[in-house]
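Residue numbers (the working numbering): 8 to 473.
Here you go:
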């Protein structure tokens with residue numbers, strides 16, 4: 008289904024300005040049923056003795072979880088009349104054996120076969136013949152058994168763990184963009200419907216009402232956390248690096264900036280990218296900021312390891328030592344890289360592909376990895392629909408595909424994705440997301456924001472890691 012983006016042109020103008028910076032690229036079994044066993048055959052009466060035939064044997068019960076009943080046992084043959092010697096009367100023949108007891112359960116068992124009538128006694132020396140025996144009684148019909156359970160043809164393993172589903176933590180948000188998470192809460196920035204209506208909000212990871220922390224911000228973007236404070240960048244009104252308590256108290260400007268796009272923290276320093284091509288840092292305790300690099304083309308996403316700062320530029324990844332020094336072009340030849348994540352072993356990034364003015368026209372983005380010390384990157388995923396943000400934790404890479412546009416019509420192909428850090432087939436965590444953007448991860452969940460397709464239609468989401 009394709010949606011027309013009602014107020015998209017107004018709302019995405021903020022995103023386009025915020026993300027484009029100075030470049031034309033923009034930024035930011037069932038068991039089978041079977042028959043039961045047959046009944047046992049009864050013992051015949053002993054020949055030449057005037058006793059009754061043996062009773063029919065009881066049928067075997069149907070086996071558990073099978074539907075067929077057992078057949079009734081065959082009745083005993085009738086006894087034979089006793090032999091009388093010296094003119095005595097022939098003995099009475101034995102009665103016919105009783106019919107076998109029918110099998111229980113399952114489809115009705117077959118009744119037992121009636122016993123044969125007894126044979127008259129043999130006449131010897133003038134004795135009268137014995138009377139014939141009575142016919143054996145017929146066996147009772149077996150009672151109908153319960154039907155066997157139907158085979159499970161649903162194709163679903165009843166023992167399988169259900170797949171997680173996305174959970175909405177907040178809805179009705181005005182253009183959310185950045186997101187961060189600590190042990191108990193998720194925090195995000197809303198750019199707002201106009202230039203100075205941006206805000207910072209939070210919600211408990213466990214759910215509940217969201218809280219407004221900071222208001223009247225000029226297009227707040229990416230954000231980061233330390234143990235006690237929330238840091239973010241404001242893009243408009245000249246630009247600034249801001250901080251406040253996690254409860255929204257004591258809002259202050261940490262440093263002036265020039266259209267900042269990305270922000271990252273280590274133990275005591277904040278680093279950010281400026282639209283003028285510079286990379287700067289400042290102590291989280293305050294003070295003067297200093298430049299780490301300048302003259303780079305459209306710097307956007309930024310990330311750190313123990314010793315270096317990494318950021319995306321128009322066609323690759325650059326780095327510089329945290330303490331300052333020579334700039335290194337880590338990777339070149341990329342197509343609109345948007346965000347970067349770094350681990351002790353590797354550098355990961357997303358390239359949006361055909362990205363211009365904050366949107367993509369074709370699903371030609373990629374997720375990339377460069378092992379530190381390697382000469383060339385490897386591709387973890389291709390043909391992605393405008394990947395814009397990335398997060399790495401443990402052995403998984405997560406990213407948001409913002410989705411593609413045909414003019415003013417959204418293709419409804421936004422998604423949250425994952426892939427193993429060593430490669431393999433990517434998988435979809437959450438399909439059909441309306442312009443997902445910022446993404447974060449902890450040990451339990453993946454979190455993201457969606458910008459939606461109209462005023463105040465954004466959401467904050469989570470899904471359990473798989």
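Note that beta-carbon positions come from the ideal geometry of N, C-alpha and C, so glycine has one too. The structure displayed is predicted, hence computed values, not measured ones.
Of the listed residues the options, nearest to residue i (C-alpha basis)
i           : options            : result
residue 359 : 392, 275, 352      : 392
residue 378 : 198, 362, 354      : 354
residue 420 : 366, 277, 265      : 366
residue 265 : 255, 417, 288      : 288
residue 316 : 233, 352, 403, 329 : 329
residue 338 : 398, 380, 362      : 380
residue 387 : 402, 445, 431      : 431
residue 368 : 258, 416, 401      : 416
residue 321 : 207, 362, 314, 290 : 362
residue 203 : 243, 285, 196      : 243
residue 222 : 256, 191, 210, 245 : 256
residue 470 : 405, 436, 188, 179 : 436
residue 200 : 188, 182, 318      : 182
residue 285 : 314, 313, 334      : 334
residue 422 : 442, 413, 240      : 442
residue 352 : 327, 268, 401      : 401
residue 411 : 384, 444, 383, 382 : 444
residue 394 : 385, 274, 414, 371 : 371
residue 318 : 396, 274, 246, 258 : 396
residue 472 : 455, 466, 297      : 455
residue 219 : 196, 300, 313      : 196
residue 357 : 227, 404, 207, 248 : 404
Cross-strand partners of residue i (DSSP beta bridge)
i           : result
residue 290 : 276
residue 4   : The chain is shown only over 8 to 473; residue 4 falls outside these bounds and no answer can be derived.
residue 426 : 404
residue 172 : Bridge partners of residue 172: none, in fact.
residue 457 : 443, 466
residue 317 : 310, 326
residue 221 : 207
residue 183 : 197
residue 215 : Looking at the DSSP assignment, residue 215 forms no beta bridge with any residue, so it has no partner.
residue 357 : 346, 374
residue 262 : 248
Simplified DSSP assignment, three categories, for residue i
i           : result
residue 206 : strand
residue 75  : No answer about residue 75 holds up, because its pLDDT of 38 lies below 50 and its placement is not dependable.
residue 352 : coil
residue 307 : coil
residue 468 : strand
residue 393 : coil
residue 250 : strand
residue 238 : strand
residue 281 : coil
residue 346 : strand
residue 177 : strand
residue 434 : strand
residue 398 : strand
residue 339 : coil
residue 150 : Residue placement at residue 150 is poorly supported in this model, since its pLDDT is 49, which falls under 50; the coordinates still yield a value, given next. It is coil, neither helix nor strand.
residue 366 : strand
residue 227 : strand
residue 243 : coil
residue 301 : coil
residue 4   : An answer regarding residue 4 cannot be provided, because it is not within the stretch 8 to 473 covered by the chain.
residue 271 : strand
residue 451 : coil
residue 232 : strand
Outcome for residue i when other beta-carbon atoms lying within 10 angstroms are tallied against a minimum of 16
i           : result
residue 468 : buried
residue 459 : buried
residue 453 : buried
residue 345 : buried
residue 425 : buried
residue 216 : exposed
residue 376 : buried
residue 434 : exposed
residue 235 : exposed
residue 294 : exposed
residue 107 : Caution is warranted here: a pLDDT of 42 is assigned to residue 107, below 50, making its placement in the model unreliable, and the coordinate value is therefore given only provisionally. Flag for residue 107 reads buried.
residue 34  : Legend: pLDDT at residue 34 = 37, less than 50; position of this residue unreliable, value from coordinates given subsequently. By the 10 Å Cβ count, residue 34 comes out buried.
residue 191 : exposed
residue 169 : exposed
residue 259 : exposed
residue 465 : buried
Neighbour flag for residue i against chain C, beta carbons, 7 Å
i           : result
residue 244 : The structure shown contains no chain C; it holds only a single protein chain.
Integer-rounded CB distance, given that residue j should sit under 8 Å from residue i
i           : j           : result
residue 429 : residue 398 : Wrong, their Cβ atoms sit about 17 Å apart, outside the cutoff.
residue 230 : residue 194 : 6 Å
residue 325 : residue 291 : Wrong, their Cβ atoms sit about 23 Å apart, outside the cutoff.
residue 246 : residue 227 : With 8 Å as the limit, residue 246 and residue 227 do not qualify as a contact, their Cβ atoms being about 11 Å apart.
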